[in-house]
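Quick note on numbering: UniProt numbering labels position 471 of the sequence shown as 471, and the sequence is numbered without any gaps.
Note that the Cβ used here is the ideal one computed from N, Cα and C, for glycine as well.
To keep things clear, I will list the structure first and then write my remarks on it.
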Amino acid sequence: MTDLISDPVSNKRTFAIGDERDEVPVVKDQANGDNFPSKRLKYEAANENSSSEDSDVMIRNSVGPLDTEEDERNKHEIEPVVQPLRIARDRESNKYIYPEVDREATMTARRYLKHYGLQKFLDAYLPQELNSLYIHYLIRMLGFEVKERELVEKVNEHLIDTSETKEENLTFSNIDDPLEKKYVVRLIKDLQKAINKVLSTRLRLTNFYTVDHFVERLQSARNILVLTGAGVSTSLGIPDFRSSQGFYSKVKHLGLDDPQDVFNMDIFMQDPSIFYNIAHMVLPPDNIYSPLHSFIKMLQDKGKLLRNYTQNIDNLESNAGIEADKLVQCHGSFATASCITCHWQLPGSHIFENIRKRELPLCPYCYQKRREYFPTMTSKENEESQLDRSFSSAPVSKSYGVLKPDITFFGEALPSKFHKTIRKDITKCDLLICIGTSLKVAPVSEIVNMIPANVPQILINRDPVKHAEFDLNLLGYCDDVAALVAQKSRWEIPHEKWTTLKDQKFLYEEIDKGTYKVEAQ
């Protein structure tokens, strides 16, 4: 199950809960103009006057005409009549029993909602007589769990397991609502969030879920979009950022509120020494690249690579031979550096020695002016070795005249090349491969939802990415997965390690439909 995700505010309307009337947020189904909820909730514990807060969600309705043959096939696959949900009540305890929910039921419900719209979905899945537990169960049916602890505890107070009752004691009629009105309203909001998430994200393709499907598509694809993250470089000893052994876990000693602040532009402007104290830890090694980088180069050489969008700043893609017009460094890179003050630019390698020595690299054109602002700095050597922190009253920031690698810090705009190319590439892409990324940083993480729904999406990563719906998940070391796919495709990766990898035996075990664990034997 996945955590619920919220979006900006929706509209309101007044509707009835039992004999009470209350104004609560509703969701507009843009496909047919109907509002949710359309079913009447039976409600009796209504002595409280609890007004609801404004909803923090808005449905971005993606329901519309089916415009591909594959969509049309998917529509017919889910077209059989859906029976309304039925939640039994135990007469003795007056508690309720939820039916089991499996993944197939969840995927069917999501497809039904996506293809037929909100009103038809609610009409199909909800009975005419229902209470708030049906709202909670429908959230689970869509593959989500309510996060609010108090609300979960209140719901669980009214549920029992099938082992705690007898079949002859069960009934589906005369159901009262066991929850207070304030909890009913909160459940409705959470259902809105679940619906919003389903409507704003893609669903897995029904005919693409095996390694062989991937290999077949690689043969025919001509515009492959590859999105890469830190996991493609970890085999070279370069740490990723968010794992337990990653970069952010290693900078906690700096005492920052958030480890990501080492890449915060405002903090850099105030005190660049914070970044330069740790920059050596992410400095790319010279002239090396992984077999995975070479796998992408191989796609380029075969005329199949549309673009490689990398979130990495190590510039190893260039080392591997990926051409500049095929590469978008979404977060910049160490390839160049620029002066914070005058924007003079130079090759990034020119400041690598400063970074290794934890020195501040300074712009030669701004150096004299900087000495005027910081007169106690008597020598360039002293200034490069440390930044005196006693000059908070200086008329300019401590970053004056400091050279900064052209990597994108938090608070900076992404390179213009990203925005220029992604608009065109999403319409051309015929296969998306995401490699070594947890997809946590927007807007790059949103690419998976920008690609047309009928384009297959593959994840190659150590761990699953639970907030995205990839058609195929290949979980393991990136280099191993690349070697396995190359072997099955009868391709050769242009890397010095290929002589070993081409004969390596790999075990790929299906642990769920569309999800494989890949290991070297």
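Option nearest residue i by Cα separation, candidates the options
{"i": "residue 524", "options": "P405, Y183 and R186", "result": "Residue 524 lies beyond the range of the chain shown here (1 to 521); nothing can be said about it."}
{"i": "G231", "options": "Y508, D480 and K505", "result": "D480"}
{"i": "N319", "options": "A335, R307 and Y309", "result": "A335"}
{"i": "L327", "options": "D177, Q300 and V184", "result": "Q300"}
{"i": "E353", "options": "S489, Y276, N312 and F295", "result": "Y276"}
{"i": "Y209", "options": "Y477, K517, D471 and E104", "result": "D471"}
{"i": "Y309", "options": "K357, V455, K166 and G229", "result": "G229"}
{"i": "L474", "options": "Y516, Q487 and T500", "result": "Y516"}
{"i": "E145", "options": "K114, T106 and Q119", "result": "T106"}
{"i": "E496", "options": "K189, V215 and S294", "result": "S294"}
{"i": "E519", "options": "I322, G476 and R204", "result": "G476"}
{"i": "L225", "options": "E180, D212 and K297", "result": "K297"}
{"i": "I322", "options": "Q521, R490 and R307", "result": "R307"}
Buried versus exposed, by CB contacts within 10 Å (16 or more), residue i
{"i": "Q219", "result": "exposed"}
{"i": "Y367", "result": "exposed"}
{"i": "A413", "result": "exposed"}
{"i": "C330", "result": "buried"}
{"i": "A117", "result": "The sequence given here has Gly at residue 117, not Ala. With 16 or more Cβ atoms within 10 Å of its Cβ, G117 is classed as buried."}
{"i": "A442", "result": "exposed"}
{"i": "S93", "result": "exposed"}
{"i": "N312", "result": "buried"}
{"i": "L431", "result": "buried"}
{"i": "H343", "result": "exposed"}
{"i": "T408", "result": "buried"}
{"i": "T437", "result": "buried"}
{"i": "P272", "result": "buried"}
{"i": "K513", "result": "exposed"}
{"i": "A221", "result": "buried"}
{"i": "Q192", "result": "buried"}
{"i": "E53", "result": "Confidence at E53 is low in this model, with a pLDDT of 36, below 50, so its placement is unreliable and the value that follows should be read with caution. Counting Cβ neighbours within 10 Å, E53 comes out exposed, since fewer than 16 surround it."}
{"i": "E372", "result": "exposed"}
{"i": "A194", "result": "buried"}
{"i": "residue 525", "result": "Because the chain in this structure spans residues 1 to 521, residue 525 falls outside the shown range and cannot be described."}
{"i": "K166", "result": "exposed"}
Residue(s) in a DSSP beta bridge with residue i
{"i": "S338", "result": "Q345 and K404"}
{"i": "V328", "result": "Y309"}
{"i": "R89", "result": "Y96 and T171"}
{"i": "K497", "result": "K497 pairs with nothing; no bridge assigned."}
{"i": "Q457", "result": "L432"}
{"i": "E164", "result": "Answer is none; E164 lacks a bridge partner."}
{"i": "D512", "result": "T515"}
{"i": "F506", "result": "A520"}
{"i": "T228", "result": "T310 and I435"}
{"i": "L283", "result": "None; L283 has no bridge partner."}
Near the ligand SAM: residue i beta-carbon under 7 Å from a heavy atom
{"i": "M265", "result": "Here there are no bound small molecules, and the ligand SAM is not part of this structure."}
Specify whether the stretch 415-427 and the stretch 440-457 touch according to this definition: at least 3 beta carbon pairs, one from each stretch, less than 8 Å apart. Short answer: they touch.
Can at least three beta-carbon pairs, one atom from the stretch 226-240 and one from the stretch 288-298, be found at a separation below 8 Å? yes
Contact between the stretch 168-188 and the stretch 129-136 (3+ Cβ pairs under 8 Å): yes
Is the stretch 257-272 touching the stretch 192-200 in the sense that three or more CB pairs, one from each, lie closer than 8 Å? no
For the stretch 82-101 against the stretch 138-155, do three or more pairs of beta-carbon atoms, one drawn from each stretch, fall closer than 8 Å, so that the two count as touching? A contact exists between the stretch 82-101 and the stretch 138-155.
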